[in-house]
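**Q**
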Amino acid sequence: MAQGELKSSVLNRKRNPKSPVASRSSKRQKIAEHRKSLPIASEEERLIEAVQKNDILIIVGETGSGKTTQLPQFLFNAGFCREGKMVGITQPRRIAALTIAKRVAEECDVRLGQKVGYSVRFDDTTSSSTRLKYMTDGFLLREALVDRLLSRYSVIIIDEAHERTVHTDVLLALLKKVQRERSEIGGGVLRGCQGRKVSPLKLIIMSASLDARVFCDYYGGAKDFRVEGRQFDVDIFYTVHPETDYVDAALNTIFQIHSEEEEGDILVFLTGQEEIESVERLVQEKLKHLPEDERKLLPLAIFSALPSEQQMRVFAPAPIGFRKVVLATNIAETSITIPGIRYVVDSGVVKARTYDPNKGMETLDVVPVSKAQAIQRSGRAGRDGYGKSFHLYPERDFWKLEDSTKPEIKRCNLSNVILQLKALGIDDILGFDFIDKPSRSAIVKALAELHLLGALTDDCKLAKPAGEQMARLPLEPVYSRALILANQFNCLEEMLIIVAMLSVESIFYDPRQKREEARTSRNHFVSVEGDHLTYLSVYRELDEFLEERKAEKSEAKVEKIMRKWCKVNFVNSRSLKHARDIYRQIRGNVEQMGFNVSSCGNDMLEYRRCIAASFFLKAAQRQMDGTYRALESGEIVHIHPSSVLFRSKPECVIFDELMQTSQKYINNLTRIDPLWLAELAPHHYKTEE
DNA sequence: AGCGAGGAC
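First residue of the first sequence: 531, per this note's numbering; consecutive thereafter.
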């Protein structure tokens, strides 16, 4: 939303070179006109009155209402930022926090970081003068660990609450509690963090969902306020009969649009990389059989694991006379907005992760989308003008879909959430007032895991200091535990690198066409001990490479060198950069905790023993038939083909991940001696021997 | 003998 507007204003400025003063005043005028034209503009008085009268307000507004950019400015003007107080606005995604803050700073005619700023991991632009603070919901949760009453905020706005991410759900519950505590303290008798006076907290929940009831009910009949959206109309089409093969149906629909419909690009929602790459080939294949003048169709893939340079291609306009057909996962549902899309093709399915707490196993399944998801997908055709949306299933099937996607908190491993809650002083997890309660068994399992990792005491209190240290680290509890143990094994330096690498996805990029070339070219990284040490050597080799070129001072130059190195080595540079950021952050964290970052040098034996001691819950042993048995759950599993140990099949391994896709796969492995388990985790494996 | 949706601290 804000992204596109920002870009066009920059273009306008270039096209009309005026004196800086004139261009500035015409820009101000344009911004004022734009603000006045938003549906929410006429609601300022009513909105402020509603906020003043209600401590909790649910705002329902569809795309284009202007609620996210305007409401914080209304609140500022109404005096909610007096006495140094802030209005905090949370977003599920960093890119949204960033672009919206930039947009609002421009509207307010201030430099980013002054009155308006954003805070996301690795990137904090706020200052002591910041009054409107955009941030990720995860960032606000981290702040709560330091200042439990969030006393610097007079108003907190949770945006995109309908998405129901884990972070949003935890915040919704936490803020309910914080608001109660702040009103009980009242009158500033008690003081919060750093002696700040504590005043009541206003809470605003913003949702695009038509159904605000779930939020209103949760907050004891809170008032809802509806704001009009503004989107172009999208005509919706369904198939007459159910399709047996949605890939085939998608192909036919793409070519039908191409031959029958007016100009405009096509966005196709599919389920994953393999499927997208295969549809891309099929489109190209089919084009060969068309007459020359009908071949002007350009298929482009986009999914999260795709390197940035290739992701960027979907944003470039198609060559003159060509029509783009963007083949996307649900990355294009919310995370990225592609300009020029007029036609949407919805397969009606999505890959969704679920977690089985009893087996400690995640599953990635193709499942039908929800109604809300199908509507969201259609809406992607109405960003730049009116559009058309083609669903590859009959209308009667649409009505059978779930209204909305199951909240993530009911589908994930809760160990991190529960550790955070414990660190926030919330001890009764089973009785905690979640908007949607996770199952009892999921909670019990996570508590047991935290206990086994040493984060919780026998009576389920936060252990001191291990539990507190683990909660402070922005990592999965099992990784935090690994860092604490590595400190004792004198291989903290190595474990910091491995944990950073395991925290990011798709380090290696294997384009299907060049898979063999990619494998061969990175053979020199591969360790016979497994994936962990392979990642270590990738990280170190890049580090040495950059060290040798340290003469290059500028950050941009370093990035360029790094990208080149990654390309040659078939490593995803975005992933590796992310790993380096995480490394720096968690290294800072452990140093603050007083850990001495020591290295085991070339003693990989000690390092592997540390891996075994840390991840003892994730061990698997080879069986007679060559399959593996996960020791904790008893599941029969296979080594994932992308692991460097896929062919060598050692007797006993530690794995990082157990996921069911086409089979039950373990991935990211290290070879260990089975005797180490009983030696290093006797409290868990003592009976095995 | 063969392969993983999207986010976030």
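Cβ atoms here follow ideal geometry from the backbone N, Cα and C, with glycine treated the same way. Quantities reported herein were computed from a predicted structural model and do not represent experimental measurements.
Applying the 10 Å Cβ sphere with the 16-neighbour rule, what's the burial state of G961?
**A** Label assigned to G961: exposed.
**Q** Please state whether the Cβ-Cβ distance between V696 and E938 is less than 8 angstroms.
**A** Yes; because the gap between Cβ atoms is below 8 angstroms, this pair is in contact.
**Q** Does the contact criterion of 3 or more C-beta pairs under 8 angstroms hold for the segment 926-944 versus the segment 826-839?
**A** The segment 926-944, when compared against the segment 826-839, does not touch it at the 8 angstroms Cβ threshold.
**Q** If I'm right that I589 touches I734 with Cβ under 8 angstroms, what's the distance once you round it to whole angstroms?
**A** Confirmed, about 6 angstroms.
**Q** Cα-Cα, which of I866, V676, E1006, M1189 is closest to D883?
**A** The residue asked about is misnamed: residue 883 is Arg in this sequence, not Asp. Residue M1189 is the option with its Cα nearest to R883.
**Q** Helix, strand or coil: which one does DSSP assign to N1198?
**A** Note: N1198 maps to strand in three-state DSSP.
**Q** Assuming S865 is part of the alpha helix (DSSP H), what are its boundary residues?
**A** It is not in any alpha helix (DSSP H) - S865 carries neither H nor E in the DSSP assignment.
**Q** Would you report the Cα separation of V719 and S684, rounded to the nearest angstrom?
**A** Reliability of the predicted coordinates at V719 is poor, the pLDDT of 49 falling under 50, and the value obtained from them is presented with this limitation in mind. For V719 and S684, the distance between alpha carbons rounds to 17 angstroms.
**Q** Ignore the nearest five residues each way along the sequence and tell me which others in Q906's own chain have a CB closer than 6 angstroms to its CB.
**A** If we look at Q906 and ignore the five residues flanking it on each side, its Cβ neighbours are E863.
**Q** Quick one: what's got a C-beta closer than 8 angstroms to S1172's C-beta in the same chain, skipping five residues either side?
**A** For S1172, where only same-chain residues beyond five positions count, the Cβ hits under 8 angstroms are F1038, D1040, N1197.
**Q** Does DSSP classify A976 as helix, strand or coil?
**A** Correct three-state label for A976: helix.
**Q** Could you tell me the distance, in whole angstroms, from the CA atom of I1027 to the CA atom of C1140?
**A** For I1027 and C1140, the distance between alpha carbons rounds to 14 angstroms.
**Q** Would you check if the distance between the CB atom of S919 and the CB atom of F767 is smaller than 8 angstroms?
**A** Result yes, Cβ atoms of S919 and F767 sit closer than 8 angstroms.
**Q** Looking at the unbroken beta strand (DSSP E) that takes in G614, where does it start and where does it end?
**A** Unbroken run through G614: none, as it is neither H nor E.
**Q** Rounded to whole angstroms, what's the CA-CA distance from E1218 to A1001? Just pull it up for me.
**A** With a pLDDT of 46 at E1218, under the threshold of 50, the predicted position of this residue should be treated as unreliable, and no value is reported.
**Q** Nearest to T801 by alpha carbon, out of R825, P821, T859?
**A** If we check each option's Cα against that of T801, T859 comes out closest.
**Q** Could you pull the start and end residues of the alpha helix (DSSP H) that Q903 belongs to?
**A** Looking at the DSSP string, the run of the alpha helix (DSSP H) that includes Q903 is 901-909.
**Q** How would you call R1070, buried or exposed, if buried means at least 16 neighbouring beta carbons within 10 angstroms?
**A** Exposed.
**Q** Which residues mark the beginning and the end of the beta strand (DSSP E) in which D895 is found?
**A** D895 -> beta strand (DSSP E) spans 891-898.
**Q** Is it true that the CB of S1128 sits closer than 8 angstroms to the CB of E1059?
**A** It is not a contact, given that the beta carbons lie outside the stated cut-off.
**Q** Among the candidates V1183, S567, Q803, whose CA atom is the shortest distance from the CA of E1231?
**A** What is shown of the chain runs 531 to 1219, which leaves residue 1231 out entirely.
**Q** Using 8 angstroms as the threshold, is the C-beta distance between L675 and L949 below it?
**A** No, the Cβ-Cβ distance between L675 and L949 is not below 8 angstroms.
**Q** Could you tell me the boundaries of the beta strand (DSSP E) in which I1027 lies?
**A** It is not in any beta strand (DSSP E) - I1027 instead sits in the alpha helix (DSSP H) that spans 1022-1032.
**Q** Could you compute how far the alpha carbon of L894 sits from the alpha carbon of K881?
**A** For L894 and K881, the distance between alpha carbons rounds to 6 angstroms.
**Q** For the putative contact between Q1138 and I1202, defined by C-beta atoms under 8 angstroms, what is the C-beta separation to the nearest angstrom?
**A** Contrary to the premise, residue 1138 reads as Arg rather than Gln in this sequence. Right, the Cβ-Cβ distance comes to about 6 angstroms (below 8 angstroms), so this counts as a contact.
**Q** Got a sec? Which residues, its chain only, sit under 6 angstroms from Y916 by beta carbon, not counting five neighbours each side?
**A** F762, D763.
**Q** Going along the chain, which residues of its own chain have a beta-carbon closer than 7 angstroms to the beta-carbon of S1067, five neighbours each way excluded?
**A** Closer than 7 angstroms at Cβ, skipping near neighbours: F1055, S1057.
**Q** Whole angstroms is fine: what's the gap from T1191's alpha carbon to R1011's?
**A** Roughly 28 angstroms separates the two Cα atoms.
**Q** Taking 8 angstroms as the cut-off, decide whether the C-beta atoms of N888 and K967 are in contact.
**A** Contact flag unset, no.
**Q** Please determine if the segment 1179-1189 and the segment 1144-1159 are in contact, where contact requires at least 3 C-beta pairs separated by less than 8 angstroms.
**A** Yes, since at least three Cβ pairs between the segment 1179-1189 and the segment 1144-1159 fall closer than 8 angstroms, the two stretches touch.
**Q** Give the DSSP-derived three-state secondary structure of V719 in the structure shown.
**A** The predicted position of V719 is uncertain, since its pLDDT is 49 and thus under 50; a value taken from the coordinates is nonetheless stated next. In the structure shown, V719 sits in coil (DSSP, three-state: anything other than H, G, I, E or B).
**Q** Taking all protein chains shown into account, do 16 or more other C-beta atoms lie within 10 angstroms of the C-beta of M665, making it buried, or fewer, making it exposed?
**A** Buried, since its Cβ has 16 or more Cβ neighbours within 10 Å.
**Q** Apart from the five residues on each side of it in sequence, which residues of its chain come closer than 6 angstroms, Cβ to Cβ, to M616?
**A** Cβ neighbours of M616 beyond the five flanking positions: R661, K663, R682, Y683.
**Q** Would you mind working out which of N1017, S971, V899 sits nearest D886, comparing C-alpha positions?
**A** The residue with the shortest Cα to Cα distance from D886 is S971.
**Q** According to DSSP, is R1110 part of a helix, a strand, or is it coil?
**A** DSSP places R1110 in helix when its eight states are reduced to three.
**Q** Among all the DSSP beta bridges, which residues are the ones paired with Q1151?
**A** Answer by DSSP bridge pairing, in chain order: R1159, C1182.
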